[in-house]
Amino acid sequence: MGLTKIDTKGRIVIPKDIRERMGIKPGEEFLITEIDGDTIIIKRFDVKKMLEKMIKNAKRLDLDELPKETEKEGNRVAKELYGL
Numbered sequence: 018m019g020l021t022k023i024d025t026k027g028r029i030v031i032p033k034d035i036r037e038r039m040g041i042k043p044g045e046e047f048l049i050t051e052i053d054g055d056t057i058i059i060k061r062f063d064v065k066k067m068l069e070k071m072i073k074n075a076k077r078l079d080l081d082e083l084p085k086e087t088e089k090e091g092n093r094v095a096k097e098l099y100g101l
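Letter 27 of the sequence shown, counting from 1, is numbered 44 in our numbering, and no numbers are missing.
Set out below in structure tokens:
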């Protein structure tokens, strides 16, 4: 864990020890997700891995089940994140 500040351009610096430990290099992309009013998650974003995973999942996708599965997953996420 480290303490950092946001600058006037909205940038946040990831502390050096964390960058080194995680092997983070300049130019890498990250996905930022707001969890609630004071919590965000920063996750490494690898387009190639994401596309490979999407293709793998699409191959076993049953289009007739998609609406039901989408609702089921939405309910699971809402319950997990917001206790709904």
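Note that CB positions come from ideal geometry on N, CA and C, so glycine has one too.
- Using a C-beta cut-off of 8 Å, the stretch 57–71 makes contact with the stretch 34–46, since at least three inter-stretch Cβ pairs fall below that distance.
- Taking the C-beta atoms as reference points, Ile41 is found no nearer than 7 Å to Gly19.
- Look at Ile49 here: in three-state DSSP terms it is strand.
- For Arg61, the enclosing beta strand (DSSP E) starts and ends at Thr56 to Phe62.
- C-alpha of Thr21 to C-alpha of Arg28: approximately 10 Å in a straight line.
- One Cα belongs to Glu82, the other to Lys89, and the distance between them is close to 11 Å.
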